[in-house]
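Trainee: Mind having a look at this structure? Questions to follow.
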Amino acid sequence: MLEMKNITKEFPGVKALDSVNFNVGDSEIHALVGANGAGKSTLMKVLAGVYNTFDGEILIDGRKVDILNPKQAKKEGIVIVYQEVDTALIPSLSVAENIMMDYMINDQQNTFMDWKYIKKRAKEEVEALDLDINVNKNVGELSLSEKQMVLIGRAVFLKAKYLILDEPTAPLSLEESRKLFEIVNKLREQGMSIIFISHRLDEVFKICEKVSVLRNGEFIGSYDIKEMTIDKVVEKMLGRKLENTFPKIDCEINGTIFEASDLSGKNGIESVNFKVRAGEIVGLAGLVGAGKTELSKLLFGESKVTAGKIKLHDQEIHNHNTYQAVTNGLALVPEERHTEGVLVNESIETNLTLVNLDHYCRNSFMSRRKIKEASQKVIDNVGIKTPSEKQLVNNLSGGNQQKVSIGKWLLADYEVYIFDEPTKGIDVGSKAEIYKLIGEIVSNGKGVIYASSEFEEILGLTDRVYVMYNGKIVKELKTSETDEEELLFYSTGGGSSEH
Amino acid sequence: MSTEEKNSIDLFNLLYKYGTIFVILATILFFSIFLDNFMKFSNVINIFRSVSIVGLISLAITMSLTVDGLDLSAAAIAGFAAVIAAKFMVIWELGTVPAIIVPILVGVIVGGVNAFFIIKMNISDLLATLSMMFLLTGISVTFQSGTAIYNYMPLPNNQGMAPGVLTDAYLFLGKGTIFRIPVPVIIMLIVALFVFVFLNHTKYGRFFYMIGSNQEAAKLSGIPVKKYKTMAYMMSGFIAAVAGLVLGARMGSGEVSAGDPYLMDSVAAAFIGFSVFGIGRPNALGTILGALLMGTLLNGLVMMNFPYYSQDIVKGIVLILALSLTYYKKKN
């Protein structure tokens, strides 16, 4: 029995966990669910020894334990498998060595490798898990799901009592997920407890016995899965409805300007159909990993289209690369502001004039005057708080950086603006200003695609919404006729025919 | 996956695994058909002898590559080692033993200093060792008073002839043979065997690979990363110094720039070594085969009267082919 008592974890300015009490029994599969930012990952990182400061205590079988680093966690039999499996693997070494890594580093006494023992033990683990993986193969050659299995094999070798799987199925195919569940069940029968973090409630109901819900860093409760339904869990995850504070801008919605039909892409997007009308904000709702970013990038020529068509003003367009996408009249404000949205070590004016520098040149030479004028216009319109247009973007707050990332597209005329989680990690005041900006864009007769995992935003801002799950659009809804519960239902795989 | 796709992938895997071997065999076959003397024992020995210095320096570089570094100062360490040995014997008359031990110690220390700048000062491997290369070359030229050091050399300021000579025992390292096999070849093979055993059969070698392949994971698993990185650079310095002694003995003189021409060939050989047998990481066997491939090509081309000034074209093509195999695979 594992008990976490009154766990509180604060980050500067945020209380990520507020006296959480979380218990896991012996040999059970226990789901931990919650909306984005509810504190699931933080709680599990506390358990895995990632943080060395937190309040509260952890008990195993009634004995108080210190878990202040990953090594201590391992010693207590707690092993975590992160979604990003590559962070824990050595790609250029064999499966056997990756499974036996801990033994090689900490327990092996001899200077010379005992290859026979290492391969034999690794093979035993692989066979015990019923896997078809050659232990001599380099891990770099394995598929994602096989890599996950190697990490689970490593956990079994470490004699883990409590195995934490952080969204293990997000990158897996259905078949691979099924295989994973078989193994998880087997491990439970052998006495291991598995803590299963997932956004996919249908899976939770398929394999878990208990489910615990977190919301905004608070522990809501633990429930027997038999007494719950997907609807009830969703209700617990959301709590009471939050107030909407969105500036509603009324503007006329006209004919379709942008359309995708049966669009599939190399990055996992499967036959997606949707359209955007002039003056309309279309939401792409979905949880982290649902494929919103992938779809945005596919539209923008950042991934290869394998089937289907994209039409702008009834004309088919081809975006083989991002340059063509921009020339065709698309603008993208990407999710990763720092690495994809702005050049942090350049000035505001450089960033703003980046996308169509041609306009600010005289015969191939940059015109300082034109650049300055244009930048100041955008700074005023968008409301970037800065002493000068020469300021480095790095010195701006997150909200102002995002305004730069949006502002660079406002200096020229684009038809469709794609926003991918534009309010991620910025303060409430800037959020409202960004919503207003988006309102202004559509009131000029443009189309906006707004991808977000914050359903409150989707409901407050958009006119129509497409719900994404597993790389597909699973539902189209009118925003005025739906609510958070329905969005969460569809984006966790509810109503999905394949399950 | 369609069968067609699968076949093409298998073919590529085959090419990846055995591509380098295939190229070596094809090269040998080609030259032995068109050149009568190519496969003669004397010529084979000749090829081995000609690659022995490149082989040793590339083994030094291989050590740094395993921890995801790159020791560009290896050739300069070799040159400096040859100079120290020559000065010890020719000018200072200190005898063979210190003339061998001191350069090796210096090599190890330089490796340690490299590691210090890389780990403590956080300079990238490439830049730190590049600076070290310049620094060492400068120190060495100063130490040798600007000229090469050789037997009976005239001393500056009309002080007559140099008092000492390079001893026979030292020269044996470069010019001697054992059972008709040149000593440099034997030394190269011994060092290669040592590197092979170290990397593949000791846990420290595996730690090197873990650090080179995923430093963060290695650190979180409890490997003292800094310690082993330092060790890798010291071993690189050690092997480079050995290469320098062999080089100096073979030339019968001490001159730091003697190491220079070997640097780029050695880097190339070590990188070609990545892909041999599809190992996908720096390794001793691959490095030696890489060095042999370059040596075989050059030897054959010379025998075919291929103009020497165009040989770099061939080197460049071979390197690009080998690297394409390695990195195309990585991308997928």
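Sequence order for the protein chains is Z and A. Using numbering that gives the first Met the number 0, you'd call the opening residue of the first sequence number 0 and step up by one each time. Using numbering that gives the first Met the number 0, you'd call the opening residue of the second sequence number 0 and step up by one each time. We put the beta carbon where it would ideally sit given N, CA and C, even for glycine.
Against chain Z, with Cβ distances strictly below 8 Å, would A/K225 count as a contact?
Mentor: Counting from 1 along the second sequence, the entry for residue 225 of chain A is found at position 226. It does not: the Cβ of A/K225 has no partner Cβ on chain Z nearer than 8 Å.
Trainee: Name, please, each residue of chain A whose Cβ falls closer than 7 Å to the Cβ of Z/P386.
Mentor: Here residue 386 of chain Z corresponds to residue number 387 of the first sequence, with the count starting at 1. Under the 7 Å cutoff, chain A gives no residues; its nearest Cβ is about 32 Å from Z/P386.
Trainee: A/N156 touches chain Z at which residues, Cβ-Cβ below 8 Å?
Mentor: Stepping through the second sequence from its first residue, residue 156 of chain A is reached at position 157. From the beta-carbon of A/N156, no residue of chain Z is found nearer than 8 Å; the closest lies around 54 Å away.
Trainee: Z/S263 lies in the beta strand (DSSP E); which residues open and close that run?
Mentor: Position 264 of the first sequence, counted from the first residue, corresponds to residue 263 of chain Z. According to the DSSP assignment, Z/S263 belongs to the beta strand (DSSP E) that extends over T255 to G264.
Trainee: Whose C-beta lies closer than 8 Å to the C-beta of Z/D113 among residues of the same chain, with five residues either side of it excluded?
Mentor: Working through the first sequence from its first residue, we reach residue 113 of chain Z at position 114. Closer than 8 Å at Cβ, skipping near neighbours: Q107.
Trainee: Looking only at its chain, what residues have a beta carbon closer than 8 Å to the beta carbon of A/V224, apart from the 5 residues adjacent to it on each side?
Mentor: Working through the second sequence from its first residue, we reach residue 224 of chain A at position 225. Closer than 8 Å at Cβ, skipping near neighbours: I210, Q214, A217 and K218.
Trainee: Measure the Cβ-Cβ separation of A/G277 and A/T286 and say whether it is below 8 Å.
Mentor: Stepping through the second sequence from its first residue, residue 277 of chain A is reached at position 278. Stepping through the second sequence from its first residue, residue 286 of chain A is reached at position 287. Their beta carbons are not under 8 Å apart, which means A/G277 does not touch A/T286 by this criterion.
Trainee: Does the CB of Z/L92 have a neighbour CB from chain A at under 8 Å?
Mentor: Taking the first sequence and counting its residues from 1, one reaches residue 92 of chain Z at position 93. Z/L92 counts as touching chain A.
Trainee: Select from the segment 86-116 of chain Z all residues with a C-beta closer than 8 Å to any C-beta belonging to chain A, and list them in chain order.
Mentor: T86, A87, L88, I89, P90, S91, L92, E96, M100, D101, M103, I104, N105, Q107, N109, T110, F111, M112 and W114
Trainee: Name, please, each residue of chain Z whose Cβ falls closer than 7 Å to the Cβ of A/S212.
Mentor: Within the second sequence, residue 212 of chain A is the residue found at index 213, counting from 1. Residues of chain Z whose Cβ lies closer than 7 Å to the Cβ of A/S212 are, in chain order, I89, P90, S91 and L92.
Trainee: Under 9 Å Cβ-Cβ, which residues of chain A neighbour Z/N137?
Mentor: Stepping through the first sequence from its first residue, residue 137 of chain Z is reached at position 138. Ordered by position in chain A, the residues that pass the 9 Å Cβ test against Z/N137 are G277, I278, G279 and R280.
Trainee: Does A/G315 pass the burial test, meaning 16 or more other C-beta atoms within 10 Å, or should it be called exposed?
Mentor: By 1-based counting over the second sequence, the position of residue 315 of chain A is 316. It is exposed - the Cβ of A/G315 has fewer than 16 other Cβ atoms within 10 Å.
Trainee: Which of the three DSSP states, helix, strand or coil, is assigned to A/P155?
Mentor: The sequence position of residue 155 of chain A within the second sequence is 156, counting from 1. Correct three-state label for A/P155: helix.
Trainee: Closer than 7 Å between beta carbons: that is the criterion. Which residues of the segment 308-330 of chain A meet it against chain Z?
Mentor: none
Trainee: What did DSSP end up calling A/Q143 once you bin it into helix, strand or coil?
Mentor: Position 144 of the second sequence, counted from the first residue, corresponds to residue 143 of chain A. Here A/Q143 sits in coil by DSSP.
Trainee: Hey, is Z/K70's beta-carbon within less than 8 Å of any beta-carbon in chain A?
Mentor: Taking the first residue of the first sequence as position 1, residue 70 of chain Z is located at position 71. Chain A contact via Cβ: present.
Trainee: Have a look at A/L125 and A/I60 and give me their C-alpha separation to the nearest angstrom.
Mentor: The residue you call residue 125 of chain A lines up with position 126 of the second sequence. The residue you call residue 60 of chain A lines up with position 61 of the second sequence. Spanning the two alpha carbons is a distance of roughly 12 Å.
Trainee: Just to confirm, are Z/I252 and Z/K39 a CB contact at a threshold of 8 Å?
Mentor: Taking the first residue of the first sequence as position 1, residue 252 of chain Z is located at position 253. Taking the first residue of the first sequence as position 1, residue 39 of chain Z is located at position 40. Cβ atoms of Z/I252 and Z/K39: not closer than 8 Å.
Trainee: Pull up the DSSP beta-bridge partners for Z/E475, would you.
Mentor: Looking up residue 475 of chain Z in the first sequence gives position 476. According to DSSP, which records beta bridges pairwise, Z/E475 is partnered with Z/Y465.
Trainee: Which one or two residues does DSSP pair with Z/K310 in a beta bridge?
Mentor: As a first step, residue 310 of chain Z is located in the first sequence; it is residue number 311 there, counting from the start. Answer by DSSP bridge pairing, in chain order: Z/E258 and Z/E315.
Trainee: Please compile the residues from chain Z whose C-beta is within a distance smaller than 9 Å of the C-beta of A/K202.
Mentor: Along the second sequence, read from residue 1 onward, the residue named residue 202 of chain A stands at position 203. The contacting residues are M103, I104, Q107, N109, T110, F111 and M112.
Trainee: If you run the structure through DSSP and keep just helix, strand and coil, what is Z/G492?
Mentor: Locating residue 492 of chain Z in the first sequence gives position 493, where the first residue counts as 1. Three-state result, Z/G492: coil.
Trainee: Grab the span of the beta strand (DSSP E) containing Z/T7 for me, first residue to last.
Mentor: In the first sequence, counting from the first residue as 1, residue 7 of chain Z sits at position 8. From DSSP, the beta strand (DSSP E) with Z/T7 extends over L1 to F10.
Trainee: Quick check on DSSP: helix, strand or coil for Z/Y413?
Mentor: Taking the first sequence and counting its residues from 1, the one referred to as residue 413 of chain Z is at position 414. Coil.
Trainee: Going along chain Z in order, which residues have a C-beta closer than 7 Å to the C-beta of A/G221?
Mentor: Mapped onto the second sequence, residue 221 of chain A falls at position 222. Per Cβ cutoff of 7 Å: K70, I104 and N105.
Trainee: Less than 8 Å between CB atoms is the rule here; does A/M233 satisfy it with respect to chain Z?
Mentor: Here residue 233 of chain A refers to the residue found at position 234 of the second sequence. A/M233 does not count as touching chain Z.
Trainee: Please confirm if A/E254 has its CB atom under 8 Å from at least one CB of chain Z.
Mentor: Counting from one through the second sequence, the residue named residue 254 of chain A turns up at place 255. With 8 Å as the cut-off, A/E254 does not count as an interface residue toward chain Z.
Trainee: For Z/V78 versus Z/A159, is the C-beta distance shorter than 8 Å?
Mentor: Against the first sequence, residue 78 of chain Z aligns to sequence position 79. Against the first sequence, residue 159 of chain Z aligns to sequence position 160. For Z/V78 and Z/A159, yes; Cβs fall inside 8 Å.
Trainee: Would Z/W408 be called buried (16 or more neighbouring beta carbons within 10 Å of its own) or exposed?
Mentor: As a working mapping, residue 408 of chain Z is identified with position 409 in the first sequence. Looking at its Cβ environment, which holds 16 or more other Cβ atoms inside 10 Å, Z/W408 is buried.
Trainee: Looking at Z/Y222: is its Cβ nearer than 8 Å to the Cβ of Z/K205?
Mentor: One-based indexing of the first sequence puts residue 222 of chain Z at position 223. One-based indexing of the first sequence puts residue 205 of chain Z at position 206. No. Outside cutoff.
Trainee: Can you name the residues that DSSP bridges to Z/E56?
Mentor: Translated into the one-based positions of the first sequence, residue 56 of chain Z becomes position 57. Z/E56 pairs with Z/K4.
Trainee: Express the C-alpha separation of Z/V464 and Z/E293 in angstroms, rounding to a whole number.
Mentor: Here residue 293 of chain Z is taken as the residue at index 294 of the first sequence, counted from 1. Here residue 464 of chain Z is taken as the residue at index 465 of the first sequence, counted from 1. Cα to Cα, the separation comes out at about 17 Å.
Trainee: Could you tell me the boundaries of the alpha helix (DSSP H) in which Z/F180 lies?
Mentor: Along the first sequence, read from residue 1 onward, the residue named residue 180 of chain Z stands at position 181. That run of the alpha helix (DSSP H) goes L173 to E188.
Trainee: In angstroms, rounded to a whole number, what distance separates the CA positions of Z/L157 and Z/F21?
Mentor: As a working note, residue 157 of chain Z is residue 158 in the first sequence. As a working note, residue 21 of chain Z is residue 22 in the first sequence. Approximately 24 Å, taken between the alpha carbons.
Trainee: With a threshold of 16 other CB atoms inside 10 Å of the CB of Z/E124, please say whether the residue is buried or exposed.
Mentor: Taking the first sequence and counting its residues from 1, one reaches residue 124 of chain Z at position 125. That one is buried.
Trainee: Would you mind listing the beta strand (DSSP E) stretches within the segment 327-362 of chain Z that are 3+ residues and don't spill past its ends, in chain order?
Mentor: 329-332
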